[in-house]
Amino acid sequence: MRVLLMEINQETNTFCATPAVLEDYKRTFFAEGEEFYNRVHGKQLCLGGMIDALEEDGIEVIPGFGIRATAGGVSASEVYKEFETRFRRIATECGTIDGCYLSFHGAHQSVDSDDVCGDALVLARELFGNEVVIACSCDLHGNITKKMFDNADIITAYQTYPHVDHYNTGYRAAKLANRLLAGEKLYMAYGRVPMIQPANGYSTSEGKLLDVMQALFAKVENGTIEDFSAFQMQPWLDVIEGGSAVIAIGKNENAAKEIVREGLRKMWAIRHDMVRPNNTIDEVIAAARTHAEGKPVAVSDFSDSPNAGAAGDNFDIVAEIMEKAPDVKIAGIVNDPDLVKECFRRGVGTTFEATIGGSKSPEMSKSYSVTLTVCSLHEGSFTIEGPAMRGVVDSAGPTATVKIGNADVVVTSGMSTTGDPQLLRHFGVEPTLYDVAIVKACTSFRVPYGKFADVMLSVDTLCASSARLAEMPFKRLSREFYPFTDCEHPKQLDEIYCK
Ligand SMILES: [Zn+2]
């Protein structure tokens, strides 16, 4: 048996002004063949899990091509074209294969298509036919379209948010698909609810969504089904066809359908309970004055989260704390490539007047005039602390650490994996030495920061990943969608597909 591995992976935020071009992908991950294998094998990534599941079952791995970018704007045409050209060539070169397993985000939009993942699955079917097993792994925030369901035999998603199970999600997809390769019959059932939720408002480690996940896990543990995925559609994705899906995979067709029906009803029932109250700067300052020594207040600037496709260039929280409480020690972070260049030009130890913030999305983020001192300059690579993606090397691009009053601010050229403390630590800003640590992440920071933060608060600065979804400029997504409208029983609750 031989299985080809492929990846096309980005989380699109339609409201992000800057399109994602091929260069953005090349910076994060762009590899073919042996290089592709070497960069994912043994890593806490979906493809790492897929490779281990294949090798455990004695199936030959054919490393194909992978292209991955951090969350950002709508992908340019050249991105999918590059993937398609390579996929077609690899399909003619790889010889006969029995399966094709792909790593997706699941909420991937391009200027040409609302559904890049669906297109990639259709292409895989066209290239290899119906006899080949096609499986894919997705983010919990994927938008699983009917096209994806129709063209994949197996779909799995992260079962954690904050996401810490990338490896296991790929492993699950491959293990289930390997069973199909071995001749077993498994049914996959699927349905959706018309719902988007602000991604900072819920997690799978507490609250009502945890209850839903536990109820579904119980169905796997008692053998009713083999696997489930419960998606919360990426809420800043403006597409015609969308929804928060449930997928159940099992040996019994009716059981799989019934679990999807139950999962959808449970998700719909908690729709009013998935919003986290926002905090004010006064509340942040009050917490900063009372926090335990060595345990900072972690403040999520979640609406400016590059993990969710926002620009990461907003400086409002730091500026407002400095104005109201100049004695509070702040560990800050901001994306500002122009300021980084200026810091490199001036050098370590220099003090000068500069503007900070609003460098990438001035329509959403203000610029501030400050006096700053350059503390250190960096090339920008750092190793992710995790637990999610631990050991993976990421880059924030050329980076400067600057001092502004009582704030030490990491100024990056292009931050990603923003929930990871190494984004501060690696650049000389140790969060436990401050009163407040600013995090440009919705939820991913809650696992690593939860280990040392006194309290975790969140402030909405109204950037591209704001929780105020009803105020965002959706043009394509139906208005028959929660939270735009609400009803007791949307008709989608009864539209369950199974194959
Ligand atoms: Zn996600």
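Numbered per my numbering, the sequence shown spans residues 48 to 546. Don't be surprised by glycine CBs; every beta carbon is placed ideally from N, CA and C. From a predicted model like this one, the values you see are computed outputs, not experimental measurements.
{"Item": "Nearest-angstrom Cα separation, counted from Leu-504 out to Pro-245", "Value": "15 Å"}
{"Item": "Status (buried if at least 16 other CB within 10 Å, exposed otherwise) for Ala-316", "Value": "exposed"}
{"Item": "Helix, strand or coil at Tyr-496 [DSSP, three-state]", "Value": "helix"}
{"Item": "Option in Glu-432, Ser-423 and Ser-460 with minimal Cα separation from Ile-403", "Value": "Ser-460"}
{"Item": "Residue list, Cβ distance to ligand 1 heavy atoms smaller than 6 Å", "Value": "Asp-186, Leu-187, His-188 and His-210"}
{"Item": "Sheet register partners of Met-436 (DSSP bridge)", "Value": "Answer is none; Met-436 lacks a bridge partner."}
{"Item": "For Cys-141, three-class secondary structure by DSSP", "Value": "coil"}
{"Item": "Limits of the unbroken beta strand (DSSP E) element including Asn-76", "Value": "The sequence shown places Phe at residue 76, rather than the Asn named in the question. Where Phe-76 is concerned, the enclosing beta strand (DSSP E) stretches over 76 to 79."}
{"Item": "Residue burial classification, Pro-409 (beta-carbon count within 10 angstroms, cutoff 16)", "Value": "exposed"}
{"Item": "Nearest-angstrom Cα separation, counted from Phe-399 out to Met-260", "Value": "52 Å"}
{"Item": "Minimum C-alpha distance to Thr-203 - residue among Ser-150, Gly-433, Cys-422 and Ile-98", "Value": "Ser-150"}
{"Item": "Phe-429 versus Thr-464: straight-line alpha-carbon distance, rounded", "Value": "10 Å"}
{"Item": "Validate contact between the stretch 55 to 69 and the stretch 116 to 124 using beta carbons, cut 8 Å, 3 pairs", "Value": "yes"}
{"Item": "Inter-residue spacing [alpha-carbon to alpha-carbon] between Ala-100 and Ala-229", "Value": "14 Å"}
{"Item": "Beta-carbon contacts of Lys-90 that lie in its chain and below 8 Å, excluding the five residues immediately before and after", "Value": "Tyr-214, Met-436, Gly-438 and Val-439"}
{"Item": "Continuous alpha helix (DSSP H) stretch holding Ala-277: start and end", "Value": "That residue, Ala-277, is in no alpha helix (DSSP H); its beta strand (DSSP E) goes 274 to 277."}
{"Item": "Proximity to Gly-80 [Cα-Cα], best of Cys-141, Arg-115, Ser-124 and Asn-190", "Value": "Cys-141"}
{"Item": "Asn-301 - containing alpha helix (DSSP H), residue span", "Value": "300 to 316"}
{"Item": "For Asn-56, the first and last residue of its enclosing beta strand (DSSP E)", "Value": "49 to 56"}
{"Item": "Residues bridged to Thr-448 [DSSP beta-bridge criterion]", "Value": "Ser-423 and Val-457"}
{"Item": "Continuous beta strand (DSSP E) assignments of at least 3 residues falling wholly in the stretch 200 to 263", "Value": "201 to 204 and 234 to 240"}
{"Item": "Gly-189 versus Asn-225 - alpha carbon distance", "Value": "23 Å"}
{"Item": "Sequence-distant residues of the same chain with beta carbon closer than 7 Å to Pro-282, five excluded per side", "Value": "Ile-243, Gln-244, Pro-245, Ala-246 and Leu-516"}
{"Item": "Integer Cβ distance of Ile-114 from Glu-173, believed to fall under 8 Å", "Value": "That belief does not hold up - the Cβ atoms of Ile-114 and Glu-173 are roughly 19 Å apart, past 8 Å."}
{"Item": "Contact under 8 Å by Cβ, Thr-446 with Val-387", "Value": "yes"}
{"Item": "Alpha-carbon spacing of Gly-497 relative to Pro-468, whole angstroms", "Value": "11 Å"}
{"Item": "3-residue-minimum beta strand (DSSP E) runs that sit fully inside the stretch 92 to 162, ordered along the chain", "Value": "107 to 115 and 146 to 150"}
{"Item": "Where Met-195 sits in the DSSP three-state scheme", "Value": "helix"}
{"Item": "Outcome for Arg-135 when other beta-carbon atoms lying within 10 angstroms are tallied against a minimum of 16", "Value": "exposed"}
{"Item": "Val-293, enclosing beta strand (DSSP E) - first and last residue", "Value": "291 to 297"}
{"Item": "Straight-line gap, Val-108 to Tyr-148 (C-alpha atoms, nearest Å)", "Value": "10 Å"}
{"Item": "C-alpha distance - Asp-200 paired with Leu-51, whole-angstrom precision", "Value": "15 Å"}
{"Item": "Paired residues, beta bridge with Leu-504 - DSSP", "Value": "Val-346"}
{"Item": "DSSP bridge partner residues for Phe-429 (one or two, in chain order)", "Value": "Asp-441"}
{"Item": "Same chain, Cβ closer than 7 Å to Phe-531, five either side skipped, listed in chain order", "Value": "Ala-517"}
{"Item": "At least three beta-carbon pairs within less than 8 Å, the stretch 388 to 398 to the stretch 149 to 168", "Value": "no"}
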